[in-house]
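The sequence shown begins at 1 in our numbering and counts up by one.
Down below is the structure, laid out as C-alpha cells.
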Amino acid sequence: MPLLALTAGDVAYYALAVFLVAVGLGLGYMFLRLAGTFVRLSSFIQGTERELLPVISKVGVSVDKVNGQLDKVDQMTDSAVDMA
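Next comes the structure, spelled out in C-alpha cells:
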C-alpha cells in the first residue's frame with residue numbers, strides 16, 4: 001500500500017481547492033480596496049457639499065437681486081412706451 005496514492009481526480013480536487021482559495025483571497029482584497037474607495041468618495045462628496053452649498057445660496061441671492069433690477073427695467077420700458 002503506497003503512502004501517497006494520488007489519482008488524477010484527487011489532484012484535480014486539490015487544484016480546484018487551491019484555485020478557490022486564491023479566488024476568495026483575491027475577492028477579499030478587492031472588496032477591501034473597494035471599501036477604501038467608497039470611504040474616499042464619501043469624504044469627497046461631503047467636502048464638496050460643504051463648499052458648494054454657500055455658493056449656491058449666494059447665487060440664489062444674486063438671482064433675486066437681478067430679478068429685482070429687471071423688474072425696474074421693465075417698469076422703465078413700460079413708462080417709455082406709454083410716453084411715446
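Virtual Cβ for every residue (Gly too), placed ideally from N, Cα, C.
For residue 10 and residue 46, what's the separation of their Cα atoms in angstroms? As a position in the sequence shown, residue 10 is number 10, starting the count at 1. As a position in the sequence shown, residue 46 is number 46, starting the count at 1. Each residue's alpha carbon lies about 54 Å from the other.
Straight-line gap, residue 19 to residue 12 (C-alpha atoms, nearest Å): Start at 1 with the first residue of the sequence shown, and residue 19 comes out as number 19. Start at 1 with the first residue of the sequence shown, and residue 12 comes out as number 12. One C-alpha to the other measures close to 10 Å.
Residue 7, DSSP secondary structure in three states: Mapped onto the sequence shown, residue 7 falls at position 7. Coil at residue 7, not helix or strand.
If we ignore side chains and look at the alpha-carbon of each, how far apart do residue 25 and residue 4 end up? On the sequence shown, position 25 is the one that residue 25 refers to. On the sequence shown, position 4 is the one that residue 4 refers to. Rounded to the nearest whole angstrom, the CA to CA distance from residue 25 to residue 4 is 29 Å.
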